[in-house]
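Going by my numbering, the sequence shown opens with residue 0, and the numbers climb by one from there. For each residue, glycine too, the CB sits at the ideal point set by N, CA and C.
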Amino acid sequence: MQAQQLATNAELQLDEQAYGQDPIADRETDLYRGEYIMSFVEKWDELIDWDARADSEGQFFMDVLRARGKETVLDVATGTGFHSVRLTKAGFNVTSADGSAAMLAKAFENGQKRGMILKTVQADWRWLNRDIQGKYDAIICLGNSFTHLHDEKDRRRALAEFYAALKHDGILIIDQRNYDAMLDNKDYSNKHKYYYAGKKVTAEPDYLDEGLARFKYSFPDGAEFTLNMCPVRKNYMRQLLSEAGFERVRTYGDFQETFAETDPDFFIHIAEKSSLHLVRWGGAQLEDGKQDIREVAETYYDSDDADTFYSVVWGGQDLHIGLYDTTSNIREASDLTIDEMVKMLPNLDENAKVLDIGSGYGGAMRKVVKETGCEAVCLNISDVQNDTNRHRNVQQGFKDKIRVVHGVFEDIPEKPESFEIVWSQDAILHSDQRDQVLKEVHRVLKPGGYFIFTDPMQADDADPEALQPVYDRLQLNSLGSFRFYREAAQALGFEISEQRDMTNQLRNHYFRVREELLANYDKLRGEGASAEYLDKMTAGLKNWVDSADAGQLAWGIQMYRKPE
């Protein structure tokens, strides 16, 4: 829609916000048309502060879209065009939609000022597919816009329209204010840190009940405007997304997946239309009825249950076995493992390039890079963990030092002889091709380089039958062992620098994790982890502890060298 067409819209002629005699009673979805008058819209960018907002959110949305190979984006809550302009500038094919003619007119103008012509269309979400053409890789609905929908039937209809407008593997990114904190905490205050970054503008609740959040926006020149929103709670929003057909929903608080419920100003939900993996890793052909174990691992670590569990119990930085000689704290113990591995490496300095295979949330590499100045690449199979890793790297200043790659360690997407060090912690057990993993590590290591790793293993003389409960949980029929890794490495030409047996730490670790799970069971349930998952995890952790006590398991730090 062209700017001159927008100018004829009757909504652009309003000079006062349109409410009834009792504004608190105005709780209808169509109310927004009379709220976004031009005098308010003209001031909206003072509230947003484009530069400050861009600095706060960084590359989060671009990274989420690029990591999933998305190119066509429908921005259904364009507003004054902030995300449409940023995504267009970043190379995405963006269509800009909004129900407010005034907002679209301003967005078009903002695009022109920045040398681009936005593709705009005025569309009510409840009839979205009537006004747009084709299907999209992704839909974004940002700026708390979804909570303009006051009626549940309108919310469900809008989500159905979003779902229909997405391609089969499309994603919906939708955000909302932290209404839970507003409703439950009388001392709630908005930090203005991320979304509403304008420092001279206030945006605060003027009235609040379970059915209405009326916000007052106050500007430096004394102008004041209001918006009536529906205070949608986080878990209700997640339920709506699931019931609309989205198979997997991941929730971030102010761009972080680990958060105290009352901390974030905003929640961001990433909803996937389909979690089906259409292409097998490496194109492997499997026998009928068999599943690629890599898909099992990817699906597991991408799940809401697993992400919630590891975030709460492990702290959401890494997922690794710790050293408990001087602490019982899981986070501290995990860091001690990293410290010990760093001390063992003779070539880890600012000139080294490190590849972490199975990097999880990337906590290990951020710690290593911070302490040594090296460069790192994180290779990991989970999109959910990779999103978090990338965003934390931006937040903590590691964007130029750490690269995050989605992939598998049986087929490492890196050039031969390109790393001084390959690093891995407690990840290779998820592969049923461990010899192939070692081959790939050998290929990408430079001559004289080191492979240092830990992995939960079975004892050299383990009884497979006794370990069946452990195998079943991992959907494997074996684990590695000190002997297996030593012989496989030597067959490839590795020199064995050290195999340090620290099996007692594995036992201590799983015992402590189980303790924390049980202590946080109700909290985990409250944050969305299913009882089925938590009960299975509790039993699974006990199996690890019992098997370690029976002498069936092994664990330690191993380091191999590729000869020059």
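Between which residues of its own chain and residue i is the CB-CB distance below 6 Å, once the five residues before and five after are set aside?
i      : result
GLY555 : ARG499, ASP500 and MET501
GLU260 : Residue placement at GLU260 is flagged as unreliable, the pLDDT there being 48, under the threshold of 50; the coordinate-derived value follows with that caveat. Excluding sequence neighbours, GLU260 sits near nothing in its chain.
ALA163 : ASN128
TYR251 : ILE267
According to DSSP, is residue i part of a helix, a strand, or is it coil?
i      : result
ALA426 : coil
LEU475 : coil
VAL641 : Nothing can be reported for residue 641: it is not among the residues displayed for the chain, which extend from 0 to 563.
TYR193 : A caution first: TYR193 carries a pLDDT of 39, below 50, which makes its placement in the model too unreliable to give a value.
HIS319 : coil
MET115 : coil
ARG391 : helix
GLY282 : Its pLDDT being 43, under 50, GLY282 is placed unreliably by the model, and the measurement read from it follows with that caveat. If DSSP states are grouped into helix, strand and coil, GLY282 belongs with the helices.
ILE47  : helix
LYS572 : Since the first residue shown for the chain is 0 and the last is 563, residue 572 is missing from the structure and cannot be characterised.
ILE23  : helix
TYR18  : coil
LEU523 : helix
GLY142 : coil
GLY362 : helix
THR371 : helix
THR325 : coil
SER38  : helix
GLY33  : helix
SER83  : helix
ASN385 : helix
ASP253 : coil
PHE418 : strand
Grab me the residues of residue i's own chain with a C-beta within less than 7 Å of its C-beta, minus the 5 sequence neighbours each way, in chain order.
i      : result
PHE397 : ARG365 and VAL368
GLN435 : GLU409
ALA89  : MET61
GLY19  : ASP25
VAL393 : GLY57 and GLN58
LYS438 : LEU491
GLN1   : Low per-residue confidence applies at GLN1: pLDDT is 45, beneath 50, and the placement is therefore not dependable enough to give any value.
PHE510 : VAL544
Taking residue i as part of the beta strand (DSSP E), name the residues at either end of that continuous run.
i      : result
LYS445 : 444-453
ILE401 : 401-405
TYR216 : 211-217
ILE356 : 352-356
ASP500 : 494-500
TYR559 : 555-560
PHE481 : Where PHE481 is concerned, there is no enclosing beta strand (DSSP E), although the alpha helix (DSSP H) it sits in stretches over 481-491.
ARG96  : In the sequence as displayed, the identity of residue 96 is Ala instead of Arg. Unbroken beta strand (DSSP E) run through ALA96: 92-97.
GLU223 : 223-228
Quick check on this structure: which residue in the options has the alpha carbon closest to the alpha carbon of residue i?
i      : options                           : result
GLY57  : ARG389, TYR559 and GLU526         : ARG389
ARG442 : ASP454, GLU27, LEU428 and GLU419  : GLU419
TYR323 : ASP25, PRO345 and VAL512          : VAL512
ASN385 : GLN394, TYR360, ILE401 and GLU370 : TYR360
ALA572 : ARG156, GLU271 and GLU242         : The question about residue 572 has no answer here: the residues shown for the chain are numbered 0 through 563.
ILE380 : THR387, GLY406, GLN394 and SER430 : GLY406
GLY142 : ASP44, GLY68 and ASN184           : ASP44
LEU165 : GLY525, GLN132 and TYR509         : GLN132
PHE91  : HIS82, GLY98, ASP97 and SER99     : HIS82
MET181 : ALA488, LEU86, ASP168 and LYS233  : LYS233
GLY68  : ILE170, VAL376 and SER144         : ILE170
MET558 : VAL469, THR453, GLN551 and ARG52  : THR453
ILE23  : GLU209, LYS352, TRP422 and LEU428 : GLU209
ILE427 : GLU203, LEU540 and LEU478         : LEU478
In the DSSP assignment, find the unbroken alpha helix (DSSP H) run with residue i in it and report its ends.
i      : result
PRO463 : From DSSP, PRO463 is part of no alpha helix (DSSP H); its letter is neither H nor E.
GLU203 : No alpha helix (DSSP H) contains GLU203, which is instead part of the beta strand (DSSP E) from 201-208.
VAL544 : 530-548
ASP334 : 329-343
ASP130 : 127-130
TYR235 : 233-242
THR28  : Counting along the chain, THR28 falls outside any alpha helix (DSSP H), and DSSP gives it neither H nor E.
GLU374 : Unbroken run through GLU374 is the beta strand (DSSP E), 374-379; no alpha helix (DSSP H).
GLU409 : Element bounds for GLU409: n/a, residue is neither H nor E.
PHE60  : 59-66
ALA180 : 178-183
Between which residues of its own chain and residue i is the CB-CB distance below 8 Å, once the five residues before and five after are set aside?
i      : result
ASP548 : ARG506
SER348 : First, the residue type needs correcting, since residue 348 is Asp and not Ser in the sequence shown. Hits under 8 Å: THR371, GLY372 and CYS373.
GLU223 : LYS215, TYR216 and SER217
GLU41  : LYS105
ASP459 : SER480, PHE481, ARG482 and ALA553
ALA530 : ARG524
With a threshold of 7 Å (Cβ to nearest heavy atom), would residue i be considered close to the ligand NAD?
i     : result
TRP43 : In the structure on display, the ligand NAD does not appear, and there are no ligands present to speak of.
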